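One structure below.
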Amino acid sequence: MSAAYDVAVIGAGHNGLVAAAYLAKAGLKVIVLEAADRPGGAAVTREFAPGFRVSGVAHLLHAFHPRVARDLGLKLGAIAAPVGTAAFGPEGARIDISPDAGATAASIARVSPADARAYGPVMARLTRLATALGGYLRRTPPSPLPSSNDLAANLALGRFALGLRLLGRRDFLELTRILTMNVADLAQDYFESDLVKGLLAFDAALGLFLGPRSPNTVFSLLYRLAGFGRHGMGGLHLPIGGMGALAQSLAAAAKRAGAAIRTGSPVERILVEKDAAAGVILAGGEEIRAPIVASSADPQRTLLRLLEPGLLDVQFAKRIRHLRMNGCAAKVHLALDGLPRAWALGAGRIICAPAIDHVERAFDAAKYGRVSDHPAVEAVVPSLADPSLAPPGGHVVSIVAQYAPYRLRDTTNGTARGQILERAVAMLSQSAPDLGARIRASEVLTPQDLEAKYALTGGQWHHGEVTLDQMFFLRPAPRYQQYRMPVPGLWLCGAGAHPGGHVSGLPGANAAREILKEIKAGRRAR
Amino acid sequence: MTHVRHLTPFLRKTPFHEAIERLMHGQGWVRWMGYQTAAVFDSEQSEYFAIRHGASVYDVSPLIKYSIRGRDAARFMDFLVTRDMAKVKPMQVAYTAWCEDDGRMIEEGTVFRLAENDFILNAALHQLHWLTEAAYGFDVAIEEVSERFCGLALQGPTSPDILAAMGIRGIESLPHFGIMETRLDGRWLRIDRAGFTGDLGYEIWVEPPDALWLWDTLFRVGEPYKIAPIGSRALDMARIEAGFILVDVDYIGALHAVRPSQRQSPIEAGIGWVVGFKKPGYFAGKRALLRERREGSSRHILTGIEIEGRKPAPGAFLYADREARTELGLTTSALWSPTLKKNIAFARLPPDYAEPGRQMWIEIWYPKEKKIERSMVRCWARSRMFFDPPRKRQ
Numbered sequence: 115m116s117a118a119y120d121v122a123v124i125g126a127g128h129n130g131l132v133a134a135a136y137l138a139k140a141g142l143k144v145i146v147l148e149a150a151d152r153p154g155g156a157a158v159t160r161e162f163a164p165g166f167r168v169s170g171v172a173h174l175l176h177a178f179h180p181r182v183a184r185d186l187g188l189k190l191g192a193i194a195a196p197v198g199t200a201a202f203g204p205e206g207a208r209i210d211i212s213p214d215a216g217a218t219a220a221s222i223a224r225v226s227p228a229d230a231r232a233y234g235p236v237m238a239r240l241t242r243l244a245t246a247l248g249g250y251l252r253r254t255p256p257s258p259l260p261s262s263n264d265l266a267a268n269l270a271l272g273r274f275a276l277g278l279r280l281l282g283r284r285d286f287l288e289l290t291r292i293l294t295m296n297v298a299d300l301a302q303d304y305f306e307s308d309l310v311k312g313l314l315a316f317d318a319a320l321g322l323f324l325g326p327r328s329p330n331t332v333f334s335l336l337y338r339l340a341g342f343g344r345h346g347m348g349g350l351h352l353p354i355g356g357m358g359a360l361a362q363s364l365a366a367a368a369k370r371a372g373a374a375i376r377t378g379s380p381v382e383r384i385l386v387e388k389d390a391a392a393g394v395i396l397a398g399g400e401e402i403r404a405p406i407v408a409s410s411a412d413p414q415r416t417l418l419r420l421l422e423p424g425l426l427d428v429q430f431a432k433r434i435r436h437l438r439m440n441g442c443a444a445k446v447h448l449a450l451d452g453l454p455r456a457w458a459l460g461a462g463r464i465i466c467a468p469a470i471d472h473v474e475r476a477f478d479a480a481k482y483g484r485v486s487d488h489p490a491v492e493a494v495v496p497s498l499a500d501p502s503l504a505p506p507g508g509h510v511v512s513i514v515a516q517y518a519p520y521r522l523r524d525t526t527n528g529t530a531r532g533q534i535l536e537r538a539v540a541m542l543s544q545s546a547p548d549l550g551a552r553i554r555a556s557e558v559l560t561p562q563d564l565e566a567k568y569a570l571t572g573g574q575w576h577h578g579e580v581t582l583d584q585m586f587f588l589r590p591a592p593r594y595q596q597y598r599m600p601v602p603g604l605w606l607c608g609a610g611a612h613p614g615g616h617v618s619g620l621p622g623a624n625a626a627r628e629i630l631k632e633i634k635a636g637r638r639a640r
Numbered sequence: 392m393t394h395v396r397h398l399t400p401f402l403r404k405t406p407f408h409e410a411i412e413r414l415m416h417g418q419g420w421v422r423w424m425g426y427q428t429a430a431v432f433d434s435e436q437s438e439y440f441a442i443r444h445g446a447s448v449y450d451v452s453p454l455i456k457y458s459i460r461g462r463d464a465a466r467f468m469d470f471l472v473t474r475d476m477a478k479v480k481p482m483q484v485a486y487t488a489w490c491e492d493d494g495r496m497i498e499e500g501t502v503f504r505l506a507e508n509d510f511i512l513n514a515a516l517h518q519l520h521w522l523t524e525a526a527y528g529f530d531v532a533i534e535e536v537s538e539r540f541c542g543l544a545l546q547g548p549t550s551p552d553i554l555a556a557m558g559i560r561g562i563e564s565l566p567h568f569g570i571m572e573t574r575l576d577g578r579w580l581r582i583d584r585a586g587f588t589g590d591l592g593y594e595i596w597v598e599p600p601d602a603l604w605l606w607d608t609l610f611r612v613g614e615p616y617k618i619a620p621i622g623s624r625a626l627d628m629a630r631i632e633a634g635f636i637l638v639d640v641d642y643i644g645a646l647h648a649v650r651p652s653q654r655q656s657p658i659e660a661g662i663g664w665v666v667g668f669k670k671p672g673y674f675a676g677k678r679a680l681l682r683e684r685r686e687g688s689s690r691h692i693l694t695g696i697e698i699e700g701r702k703p704a705p706g707a708f709l710y711a712d713r714e715a716r717t718e719l720g721l722t723t724s725a726l727w728s729p730t731l732k733k734n735i736a737f738a739r740l741p742p743d744y745a746e747p748g749r750q751m752w753i754e755i756w757y758p759k760e761k762k763i764e765r766s767m768v769r770c771w772a773r774s775r776m777f778f779d780p781p782r783k784r785q
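From first to last, the protein sequence lines are chains A and B.
115 is the number of the first residue of the first sequence in my numbering; add one for each residue after it.
392 is the number of the first residue of the second sequence in my numbering; add one for each residue after it.
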């Protein structure tokens with residue numbers, strides 16, 4: 115038996131590390147147990163071809179909360195560079211979105227003068243609405259049962275409602291109108307050009323098993339935009355050194371605070387004694403005892419695989435089994451011997467989603483278990499922000515190809531891999547005809563591969579789709595939204611808990627706060 | 392009951408039907424789980440006295456039965472039900488409840504433990520969906536076997552003599568809640584010493600082709616022992632005297648209660664003793680039940696009451712005072728007990744009124760010569776097991 119700890123954190127992903135850092139800072143003896151040979155989880159940088167390194171899963175930063183960065187002494191400015199977006203359409207059409215409003219408008223004016231005028235104000239308004247909703251990102255969701263909230267929770271709820279009211283009547287009504295609707299209709303309301311509408315549709319559907327005409331997609335757009343205001347980093351950033359650099363800084367912060375991190379130590383079981391968590395059992399059989407177990411693994415893995423059957427009530431276990439965790443996006447990594455000419459103008463992020471219908475049709479295929487014939491594609495060139503990721507003269511491209519469903523029909527995972535590579539490159543080649551000739555090596559990670567490699571159940575990188583019915587006090591399940599799982603001592607501190615996915619550090623930070631609150635209350639009670 | 396007549400073409404017939412129909416002089420049928428079964432043959436009073444003074448035969452074939460077996464069956468049963476199944480040995484029957492997440496009772500029934508990892512769960516309502524959901528992660532095979540066996544409840548003081556006279560060896564040593572399997576005339580029988588009458592009695596299970604043989608044998612051998620067929624009405628009288636609760640009569644099954652507030656915990660339904668709080672592992676609803684016990688948040692407890700006078704009081708209000716200023720609760724089942732010569736009922740009472748001996752008032756409305764009369768009389772909390780003769784266990 116090893117030394118006893120106060121807290122055992124399962125998984126050294128960004129949320130596990132953030133939780134560990136906060137808990138260790140508060141003076142607890144914390145150990146983080148990571149299955150992989152380095153910390154980071156889905157936020158790692160890895161070499162996929164000799165000399166070519168890339169962010170393994172998440173490749174853009176926008177949502178990391180400035181407060182978490184400040185608390186943990188992270189200098190986000192030093193590890194991430196702002197990045198613009200270039201959206202490509204047919205016949206050389208192109209718009210460039212950048213922090214420079216004038217240049218952005220000028221580039222949109224080439225496809226639609228009306229959209230050029232509308233784009234800035236519309237995105238500012240959506241970001242404003244999202245920021246009002248985002249007030250809850252850093253707070254613990256209230257309980258839907260009226261009597262079970264304490265004064266602080268009720269105050270937070272009141273302040274949240276007040277914040278929404280203070281948006282003013284027009285914005286407040288607009289928010290209530292658009293919150294549950296689909297992004298295609300929203301885009302039609304605001305814009306006329308296919309390219310702008312396609313970009314909006316793509317951003318809203320990114321990482322969701324939904325098409326732009328599915329309800330809820332405006333919510334997911336707002337959820338994304340919440341990280342574009344003061345609750346996030348103000349816009350998209352490419353991590354310097356890949357996403358692994360952020361994980362390294364978080365690991366360093368956790369270690370500085372006194373947490374121990376053990377890599378290559380997959381947790382096989384959560385140890386439960388007298389119906390309460392008592393530690394974890396590693397794959398080799400080693401037992402690590404801790405009265406608090408905080409899991410940053412996804413809810414299904416934590417509750418259905420790491421716990422023995424028979425520890426959860428029946429209806430709750432069913433809710434967890436039925437969480438929607440449909441991975442639908444594949445990662446494609448390309449090693450290039452030079453940057454395609456069209457991409458040289460330094461945008462860093464390339465989108466191929468030339469129209470709403472393009473994204474919708476891509477989704478249609480996924481609904482029936484097929485890889486999209488013409489996927490919607492996001493490509494970033496991390497080596498533009500950090501040349502050290504590729505050998506001199508070379509570049510790496512990190513691609514999210516949507517849709518590639520987790521559940522395939524009449525297709526093997528291997529076949530799907532080939533289809534994804536071929537089709538994603540074909541899409542990108544429409545704007546960069548010389549791309550194909552520059553590829554030296556490639557790698558494809560389907561949702562099934564992401565599940566196997568990064569322990570993301572269903573290949574769903576948000577640990578559960580971010581939709582209204584799986585958010586806020588419903589995440590991961592009603593009455594279990596406050597990070598506390600039914601088994602006493604077991605906590606969820608990953609993206610499966612509020613406020614969900616993206617590299618934000620918030621689920622970890624919020625869970626740590628709740629854990630500390632309970633410890634303090636326990637001490638008082640004694 | 393006439394409506395059953397019109398339904399008979401659609402109702403199923405149990406394997407004993409042919410024998411029962413011969414004895415059914417009136418149209419005393421009732422529908423039970425899609426079967427046409429006997430409510431009363433000639434007189435529910437005389438059938439009742441057969442239970443208490445002779446031997447009664449009641450067809451329990453429509454009961455729903457599930458076979459639960461497999462490598463994890465013992466662990467699964469311990470998780471599923473509130474009783475500590477580790478204390479139930481092979482070839483024993485246990486009465487238990489099973490609960491949903493909030494510790495509210497889905498149903499109660501008996502579990503036969505046939506072997507370490509081989510169980511039969513007897514239920515009044517369909518449970519397959521719940522069992523399948525609860526079994527997630529366990530290596531068990533759950534199968535409905537309701538039609539694989541059919542059974543007769545042989546209940547009453549002379550019942551062991553009949554079984555002994557039939558030639559069933561070892562019946563005299565079968566303990567209360569014991570199970571035995573044996574063969575007679577080359578036929579397989581499973582006999583358990585349990586029942587729904589609160590009296591000395593047995594349930595005898597055979598395969599459907601042997602049903603009529605069992606019936607005929609019982610009645611041939613049982614003639615000198617005052618054997619009689621009974622219907623559900625007489626059984627209902629006996630079960631109230633014995634304090635046995637019935638789903639959707641004395642409590643509402645938690646999964647089909649329309650109002651969530653009407654769901655009840657086993658503690659509230661007056662069978663708190665079936666909750667194995669001390670059993671080492673977790674079981675469905677345990678956290679909620681522990682909280683209920685710790686916080687004393689039981690809203691009421693189903694308790695026996697003894698009522699002044701002779702007027703049966705189903706669905707009657709109870710009050711703390713004669714003036715009916717403080718309402719306490721409502722009765723569910725009630726009857727004038729012919730054996731005890733007492734007016735008894737089950738009542739939902741606040742926990743502090745559920746103490747035996749506590750006096751309350753009850754308001755009974757009853758018809759009398761085309762008039763509805765009201766009577767406000769005293770009643771006292773009692774153990775719900777009004778009738779509990781030593782012979783049941785001896």
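Positions of the beta carbon are idealized from the N, C-alpha and C atoms, including for glycine.
This one's a predicted model, so the numbers in the text were calculated from it and none came from an experiment.
Strictly under 9 Å for the Cβ-Cβ distance: is residue i near chain B by that measure?
i: D389/A; result: yes
i: F430/A; result: yes
i: P590/A; result: no
i: P600/A; result: yes
i: G424/A; result: yes
i: L418/A; result: yes
For residue i and residue j, what's the separation of their Cα atoms in angstroms?
i: L309/A; j: L269/A; result: 43 Å
i: A514/B; j: S409/A; result: 39 Å
i: Y250/A; j: G614/A; result: 12 Å
i: F586/A; j: L709/B; result: 45 Å
i: N440/A; j: S452/B; result: 46 Å
i: G127/A; j: C442/A; result: 21 Å
i: A526/B; j: Y449/B; result: 33 Å
i: T723/B; j: A429/B; result: 23 Å
i: Q516/A; j: R484/A; result: 11 Å
i: S116/A; j: A368/A; result: Here S116/A scores only 48 on pLDDT, less than 50, and its place in the model is too uncertain to base an answer on.
i: T399/B; j: I455/B; result: 20 Å
i: W575/A; j: G528/A; result: 20 Å
Between the options, which has its C-alpha nearest residue i's C-alpha?
i: E492/A; options: Y568/A, V511/A, A504/A and Y482/A; result: V511/A
i: P599/B; options: Y757/B, G542/B, S623/B and M557/B; result: G542/B
i: L352/A; options: L280/A, T199/A and A219/A; result: T199/A
i: V601/A; options: D492/B, M476/B and A464/B; result: D492/B
i: T405/B; options: R495/B, F467/B, Q418/B and M424/B; result: M424/B
i: V558/A; options: M599/A, A456/A, H447/A and G399/A; result: H447/A
Find the residues of chain B that neighbour residue i, judging by a C-beta separation of less than 8 Å, and give them in chain order.
i: R435/A; result: Y527
i: P413/A; result: Going along chain B, no residue has its Cβ under 8 Å from P413/A, so there is no contact; the nearest lies around 15 Å.
Does residue i get closer than 9 Å to chain A when you measure Cβ to Cβ?
i: G672/B; result: yes
i: A738/B; result: no
i: A679/B; result: yes
i: R504/B; result: no
i: W420/B; result: no
i: D463/B; result: yes
Kindly list, in the order they appear in chain A, the residues whose Cβ is closer than 8 Å to that of residue i.
i: G676/B; result: D427
Residue i versus chain B: which residues are under 7 Å apart at the beta carbon?
i: G356/A; result: Per Cβ cutoff of 7 Å: no residues; G356/A is ~38 Å from chain B at best.
Residues of chain A with CB under 7 Å from residue i, in chain order?
i: R466/B; result: G424
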